[in-house]
Amino acid sequence: MQNVNSNKLLNASLVKEALKQSIIKLKPATMIRNPVMFTVYLGTIILLGVCVWIMAGENSQGSLGYNFTIFIILLVTVLFANFAEAIAEARGKAQAESLRKTREDTPAKKITDPHSKDKTKWGIVQSSSLRKGDIFLCEAGDVIPMDGEIIEGIATIDESAITGESAPVIRESGGDKSSVTGGTKVLSDSIKVRVTTDPGESFLDKMIALVEGASRQKTPNEIALTILLASFTIIFLLVCVTLKPFADYANTPITIAAFISLYVCLIPTTIGGLLSAIGIAGMDRALRANVIAKSGKAVETAGDLDTLLLDKTGTITIGNRKATHFYPTGKIDEAVFVEACILGSLADETPEGRSIIELGNSKGYKTPSLQADGGTRFVPFSAETRFSGVDVNGMEIRKGAFDAILNQVRKAGKAFPDDTEQQVKTISSNGGTPLVVSRNSEVLGVIELQDIIKPGISERFMRLRKMGVKTVMVTGDNPLTAKFIANKAGVDDFIAEAKPEDKMNYIRKEQTGGKLVAMMGDGTNDAPALAQADVGVAMNSGTQAAKEAGNMVDLDNDPTKLIEIVEIGKQLLMTRGTLTTFSIANDVAKYFAIVPALFIATIPALQSLNIMGLRSPQSAILSAVIFNAIIIPILIPLALRGVAYRPIGAGPLLRRNLFIYGLGGIIVPFIGIKLIDLILALFM
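Counted the way our numbering counts, the sequence shown spans residues 882 to 1565.
Below, the structure written as structure tokens:
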């Protein structure tokens, strides 16, 4: 699916909505959730009262124009902080709308007459119009539009994104294999499915509602930072209060506007205004990667992960197995065997069947151009027969599962070659899938299908290793096959012949050692491990139990997304840390701007602290509060986009951030405040 406005950080429509929300958020009940900006909000209200007081005749608080200017600047500061949070929320809501549109645009073949045996009596509708109890038809190549239960037919279905198994599965009406999941794909045959989910009650609907509801719980890290900022706020409030008796002693009159300006500039308003936006933007970045996080905590925790459990199939290997070798039996010529393999796959539309033709073509054998006529009959692959083939030129060529071809050979009274049977066992023991090919019920040889390691996957694991994350492959394969693939892919550890309890035990063992663990799963048997893991990512096409147990849902059904989630989590933590460093550092410059300005008239010795050479006390205060206001919107794109993350150690990363954002946080305000002072000199 396409991400809405993914190419623009600040889209015009989003900005318009965020501006409206920044005003709505001025309600005290909303503002009080951010202690730092709430105190700025109170200062703004006090200054409004001072302006009214001056209009009533008070003359000890300076001019009305000066006080009103500071009032407007503080109001803008509060609005900018609200805007930062609102723009992050608006981006999430826009993405939710994109999810809804994608869901509504999924086509479904709704049966118009459920009791008719005529499968042609159906009409195309959007999946969003389907209701519980409706019946739809799915044929080969169709994507199942909604969760349901097969009521008629049998089909081979690609559920690799759900179960992690590369081999297609058979689903049929009746019994415990009748359930199908929206988003999976029918590979062969056709089925009638009854919808089992009411509209508006699907898991995706719940996730959309969660994204649209801007409320979210703060993460532990964010709560701790909020407490730290609140502490700074209280400390600087006490500092400003103690300046009053000092000013009286020095016989220096200080206006209410000057006190409030000093207070607002000293407290960490920059990070206070951006804190909520950073957290929401972290969830939004995950959403833009098509991962819905149920809470900001899940995204943040991903940044501190120690261990990552990944399924083999669909994560480390490609979803479908591919043909890798042809093994003719006995004295059968390879050319004859490969030609039979290609002929036997012409009617096989599965990915495995197409890969056989591709392998044959790569060896120089051309695909014959045959059409069904009096002398040619195609036998499509069927989940019931488990073979495909063609009858041509007096030959009956069949290609299929070992036991299916074995039954045919025995019914014809012929022997199954020992060398081929041994090759079948060898392929199976190595984790591959053997497909036997016969001609007129005589075995010609066997085709080997194997999992293919995804290109570049070892580099991705190396990147995780640099982040300090241990990778563990989870597979149902035997230990020898698992070890081979694990070594080739470059993972740190593996769990072979994995059962649900094995995953749980591994996660608990890691957590007992004080480590944070992530788990990717999609089936019901993954639900316990997903719930146990610190970060549980469920596939959107997975079972309801898996999606309820996890704290993230991948809408693309791409298990490798865990690697992106880890990077998003680390980027979230780093963004918050760097902007906090910058915010606290730039208070130094504002201190040197305002404090000397307040007392320079009565204590000339403080002129040495006026290192920026600001023109007057009024100009110094205005320059500082203006800079304090405009730095928030300047940093909004950085808060939304996040600080660029590189997989380096914690020590070098800390030094880099302190140098860039710590030193920069001190230098930039000195330059900015001086420039604003020079500009004000032109108008004052």
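All C-beta atoms in this analysis are idealised placements derived from N, C-alpha and C, irrespective of residue type, glycine included. From a predicted model like this one, the values you see are computed outputs, not experimental measurements.
State the Cα-Cα distance for the pair Lys-1306 and Glu-1033, rounded to the nearest angstrom. In this model, Lys-1306 and Glu-1033 are separated by some 35 Å (Cα to Cα).
Tell me whether Arg-1457 is buried or exposed, calling it buried when 16 or more other Cβ atoms sit within 10 Å of its Cβ. Per the 10 Å Cβ criterion, buried.
Could you check whether the region 1184-1198 touches the region 1485-1498, counting it as contact only if at least three pairs of C-beta atoms, one from each stretch, sit closer than 8 Å? Contact between the region 1184-1198 and the region 1485-1498 is absent, because fewer than three Cβ pairs lie under 8 Å.
Secondary structure of Ile-1560, DSSP reduced to three states: Here Ile-1560 sits in helix by DSSP.
Considering Phe-1140, what are the terminal residues of the beta strand (DSSP E) in which it resides? Segment 1137-1147 is the alpha helix (DSSP H) holding Phe-1140; no beta strand (DSSP E) there.
Please confirm if the region 1339-1359 is in contact with the region 1162-1182, defined as three or more CB-CB distances below 8 Å between the two stretches. No: fewer than three Cβ pairs fall under 8 Å.
Assign Ile-1197 to one of three DSSP states: helix, strand, or coil. Look at Ile-1197 here: in three-state DSSP terms it is coil, with no helix or strand label.
Rounded distance between the beta-carbons of Thr-1065 and Ile-1038, thought under 8 Å: Thr-1065 and Ile-1038 do touch by the CB rule: their CB atoms are close to 5 Å apart, below 8 Å.
Are the CB atoms of Thr-1231 and Ser-1069 within a distance shorter than 9 Å? Taking the C-beta atoms as reference points, Thr-1231 is found nearer than 9 Å to Ser-1069.
Neighbour-count burial assignment, Gly-1256, 16 or more Cβ in a 10 Å radius: With fewer than 16 other Cβ atoms within 10 Å, it is exposed.
Quick one, which of Phe-1297, Pro-1360, Phe-1268 and Glu-1323 has its alpha-carbon nearest Leu-1316's? Leu-1316 has its Cα closest to that of Phe-1268, out of Phe-1297, Pro-1360, Phe-1268 and Glu-1323.
Can you give the Cα-Cα distance for Phe-1113 and Ile-1484, rounded to whole angstroms? Whole-angstrom Cα-Cα distance: 28 Å.
Which listed residue (Tyr-1542, Phe-949, Met-912 and Leu-1147) has its alpha carbon closest to that of Ile-935: Comparing Cα-Cα distances from Ile-935 to each of Tyr-1542, Phe-949, Met-912 and Leu-1147, the minimum goes to Phe-949.
May I ask you to list the residues that DSSP assigns as paired with Val-1434? Bridge partners of Val-1434: Ile-1173 and Ala-1419.
From this set, Lys-1335, Leu-1490, Glu-1429 and Pro-909, which residue's C-alpha is nearest Thr-925's C-alpha? Measuring from the Cα of Thr-925, the nearest candidate turns out to be Pro-909.
Segment limits, alpha helix (DSSP H) that includes Val-1273: From DSSP, Val-1273 is part of no alpha helix (DSSP H) but of the beta strand (DSSP E) over 1268-1273.
Tell me whether Arg-1052 is buried or exposed, calling it buried when 16 or more other Cβ atoms sit within 10 Å of its Cβ. That one is buried.
CA-to-CA distance, Gly-1371 to Ala-1204, given in whole angstroms: If you draw a straight line from the Cα of Ala-1204 to the Cα of Gly-1371, it is about 23 Å long.
Just how far apart, CA to CA, sit Ile-1148 and Lys-1442? Whole-angstrom Cα-Cα distance: 39 Å.
Segment contact, 8 Å Cβ cut-off, at least three pairs: the region 1327-1343 with the region 1426-1435: With the rule of 3 Cβ pairs closer than 8 Å, the region 1327-1343 does not count as touching the region 1426-1435.
With DSSP run on the structure shown, which of helix, strand or coil describes Arg-1291? Three-state DSSP puts Arg-1291 in a helix.
Check Arg-1052 in the structure and name its three-state DSSP category. In the structure shown, Arg-1052 falls within a strand segment according to DSSP collapsed to helix, strand and coil.
Between Val-1271, Glu-1215, Thr-911 and Arg-1258, which has its C-alpha nearest Thr-1246's C-alpha? Note on identity: in this sequence residue 1246 is Tyr, with Thr being the wrong assignment. For Tyr-1246, the closest C-alpha among the options Val-1271, Glu-1215, Thr-911 and Arg-1258 is that of Glu-1215.
Is Ala-1466 closer than 9 Å to Asp-1558 when the C-beta atoms are compared? With contacts defined as CB atoms closer than 9 Å, Asp-1558 and Ala-1466 fail to qualify as a contacting pair.
Starting from Phe-1297, trace the alpha helix (DSSP H) both ways and give me its first and last residue. That residue, Phe-1297, is in no alpha helix (DSSP H); it is neither H nor E in DSSP.
So, with DSSP's three-state summary, where would you put Gln-1007? Here Gln-1007 sits in strand by DSSP.
Judging by CA-CA distance, which residue of Ser-1310, Trp-1003, Asn-1288 and Lys-1451 is the nearest neighbour of Val-1318? Comparing Cα-Cα distances from Val-1318 to each of Ser-1310, Trp-1003, Asn-1288 and Lys-1451, the minimum goes to Asn-1288.
Taking the C-alpha atoms as reference points, what is the distance between Gly-1154 and Ile-1511? About 11 Å.
Same chain, Cβ closer than 8 Å to Pro-1360, five either side skipped, listed in chain order: Cβ neighbours of Pro-1360 beyond the five flanking positions: Ala-1377 and Glu-1378.
Excluding five sequence neighbours on each side, which residues of the same chain lie with their C-beta closer than 6 Å to the C-beta of Ser-1054? Within its own chain, the residues whose Cβ lies closer than 6 Å to the Cβ of Ser-1054, once the five positions on either side in sequence are excluded, are Ile-1031, Ile-1032 and Glu-1033, listed in chain order.
Could you please give me the residues that DSSP links to Ala-1036 through a beta bridge? Partner(s): Arg-1052 and Asp-1070.
Please state whether DSSP places Asn-886 in a helix, a strand or coil. Residue placement at Asn-886 cannot be trusted, given a pLDDT of 40 that sits under 50; what the coordinates show is reported in the next sentence. Reduced to three states, the DSSP call for Asn-886 is coil.
Spatial neighbours of Asp-1415 within its chain, please: CB distance less than 8 Å, with the 5 preceding and 5 following residues excluded, ordered by chain position. Close CB contacts of Asp-1415 within its chain, under the 8 Å cut and outside five residues either way in sequence, are with Thr-1182, Leu-1186, Gln-1392, Leu-1397, Val-1398 and Ala-1399 (chain order).
Look at the Cβ atom of Leu-1110, then the Cβ atom of Leu-1156, and state whether they are nearer than 9 Å. Yes, they are a contact pair.
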